[in-house]
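Protein chains in written order, with full-length UniProt numbering: chain A, 1 to 204; chain B, 1 to 204; chain C, 1 to 204.
Just so it is clear, CB atoms sit at the ideal spot from N, CA and C, and this is done for glycine as well.
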């Protein structure tokens with residue numbers, strides 16, 4: 001297993017934690033937590049695979065994802081206090097996770113003959129759809145539709161990744177650069193409380 | 001590009017507007033609006049393609065859909081007042097859109113070996129699923145489950161389309177007839193405030 | 001048609017009833033009821049098929065499912081009182097339904113080269129995803145995330161089924177044993193008001 005695959009598993013782990021925490025906020029039971037933890041972690045990649053025609057979907061062929069998710073759900077379920085203590089670390093790895101997921105989404109799309117603009121969308125979708133499904137199952141409007149520059153960071157990362165790839169930059173260097181850009185944009189936007197402009201179409 | 005393809009793009013455009021407006025009612029940010037606009041426009045066709053086995057899903061192979069959706073989101077986001085002024089026109093093109101989407105859904109299903117009753121369902125699904133996903137992401141019970149004869153118009157249109165096709169009517173004439181029937185049913189039901197019978201299973 | 005296929009159709013019928021009842025609790029119209037009844041009945045199998053690559057998805061190739069679902073929706077819509085009178089019978093057949101759906105999910109996954117742990121997940125998903133989609137469309141947190149040992153019964157059933165299969169038990173005997181175990185676990189958990197431990201991550 002190379003370093004990028006390790007980051008992928010860490011991203012999966014942290015996404016499953018975020019799903020389990022969200023389930024806990026609604027006082028769900030262990031199954032609800034496991035279900036939401038699971039779909040948060042694999043939802044984006046699953047949707048991408050179903051849309052571009054990779055079947056069976058990627059996570060089903062490796063046991064590693066499954067075990068990492070189960071581990072994340074159990075740890076979060078039983079070690080609530082510790083999870084909260086590590087929330088800065090979790091935030092960091094969550095951001096690394098969206099970087100890794102964006103890159104994987106772009107690469108899988110391109111490898112399956114998808115054109116570049118749609119591949120960028122598939123990268124973003126891989127990173128954000130799990131969280132969208134998590135919040136929807138939890139009966140909330142998805143958080144990323146309302147705050148911080150989360151998807152925008154994925155978009156910027158996907159564009160940079162494809163540009164550097166075209167310039168012939170070596171894959172590992174490109175991965176690191178892309179992830180650093182996504183981390184940079186997200187950390188700055190959270191610290192500065194930057195967000196995208198919001199709409200207001202409420203009935204007047 | 002023939003006239004029917006043009007109507008398809010206009011339908012896509014108007015569906016994306018309706019998604020963006022819905023996002024605005026929840027005060028979402030630009031990304032949330034783009035996401036919901038996007039899935040409203042391509043959600044029905046995507047679900048249909050994944051269910052009948054067209055991969056990659058149709059919208060990914062043509063850039064036209066993507067650009068039309070982005071245009072619709074940007075216009076709606078920045079020209080709120082104008083959008084409201086054109087709401088009758090939007091309603092008309094939305095209705096043309098569900099007609100076109102119904103026909104495309106029926107045709108793609110039949111072309112992929114799906115039997116007639118299921119092809120009718122695929123036609124309806126292509127037309128309505130985007131709106132269902134839009135409202136679900138927006139944390140609302142889908143509007144079309146509660147008011148006006150929206151899906152019923154698609155159902156009637158799909159049945160008429162298949163019958164006329166069997167009678168050997170020329171495709172373009174059939175498309176026009178089907179869309180006119182869908183427009184007719186919807187406009188009359190909205191004007192007369194007709195709706196389907198509603199259930200009431202609330203705890204007594 | 002063998003006895004197992006009959007149970008599958010009865011399960012489909014009862015799932016569609018549960019979807020229609022849920023729609024009635026939100027005062028939806030006939031189309032809303034039909035839509036939710038439909039996705040409750042076929043949602044789990046559809047998701048499973050899309051994830052493991054069966055296309056078109058299974059229910060589209062047999063008219064029986066479609067007719068059974070339409071029948072269930074119409075009966076529930078017009079015979080509300082009678083439906084409530086039979087609620088114990090419905091509960092029993094709902095439980096038989098999740099047993100049948102779990103077995104079908106496991107078998108289809110294994111037949112498509114999915115490994116055993118993921119096949120167990122596909123069995124659970126086939127049984128529970130329809131209900132999850134039903135509640136999500138109805139703008140509720142899925143019931144099975146909060147009460148009784150529903151998914152756990154499917155999990156136990158899937159494990160038992162695979163074990164007995166490995167021990168070379170004849171398929172029909174294995175099906176009966178698996179369904180009885182799922183019924184047993186669910187009935188006992190409902191009677192004893194057993195549930196899984198719940199989380200509580202609400203902000204303090």
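| query | result |
| --- | --- |
| Proximity to residue 196 (chain C) [Cα-Cα], best of A:32, A:12, A:25 and A:18 | A:32 |
| Residue 39 (chain C) vs residue 130 (chain C) beta-carbon contact at 8 Å | yes |
| CB contact check: residue 26 (chain B) to chain C, cutoff 8 Å | no |
| 8 Å Cβ cutoff met for residue 96 (chain C) and residue 175 (chain C) | no |
| Residues of the UniProt domain "Glycine transporter" (6-80) of chain C whose Cβ lies closer than 7 Å to any Cβ of chain B, in chain order | 21, 23, 24, 25, 26, 27, 28, 29, 30, 31, 32, 33, 35, 46, 50, 55, 56, 57, 60, 63, 66, 77 and 80 |
| Within chain A, partners of residue 139 (chain C) - CB distance below 9 Å | 139 |
| Residue-chain proximity (residue 102 (chain C), chain B), Cβ-Cβ < 8 Å | no |
| C-beta contact flag for residue 183 (chain A) and residue 45 (chain A) at 8 Å | no |
| Contiguous alpha helix (DSSP H) assignments of at least 4 residues, all confined to the stretch 114-144 of chain C | 116-137 |
| Extent of the continuous alpha helix (DSSP H) to which residue 108 (chain C) belongs | 87-111 |
| Proximal chain C residues relative to residue 151 (chain B), where beta-carbon distance stays under 8 Å | 31 and 35 |
| Residue 213 (chain A), buried or exposed, once every other Cβ within 10 Å from all chains shown has been counted against 16 | The structure shown does not extend to residue 213 (chain A), since chain A is modelled only from 1 through 204, so no value can be given for it. |
| Best match in B:20, B:192 and B:159 for proximity to residue 147 (chain B) [C-alpha to C-alpha] | B:192 |
| Residue-chain proximity (residue 136 (chain C), chain B), Cβ-Cβ < 8 Å | yes |
| Where residue 27 (chain B) falls: helix, strand or coil (DSSP) | coil |
| Distance, residue 125 (chain A) Cα to residue 190 (chain A) Cα | 21 Å |
| Residue 157 (chain A) at chain B interface by Cβ criterion, 8 Å | no |
| Proximity of residue 127 (chain B) and residue 119 (chain B) at Cβ, strictly below 8 Å | no |
| Contact set for residue 19 (chain A): own chain, Cβ-Cβ below 6 Å, skip 5 residues either direction | 36, 37, 40 and 134 |
| Cutoff 8 Å: residue 94 (chain B) Cβ touching any chain C Cβ | no |
| Neighbourhood of residue 150 (chain A) by C-beta, 6 Å cutoff - its chain only, sequence neighbours within 5 removed | 144 |
| C-beta neighbour in chain B for residue 118 (chain A), strict 8 Å | yes |
| Cβ neighbour criterion (16 or more within 10 Å) applied to residue 76 (chain C) | buried |
| Same chain, Cβ closer than 8 Å to residue 208 (chain B), neighbours up to 5 away in sequence not counted | The requested residue 208 (chain B) does not occur in the structure, where chain B is confined to residues 1 to 204. |
| Host alpha helix (DSSP H) of residue 175 (chain C) (start-end) | 171-191 |
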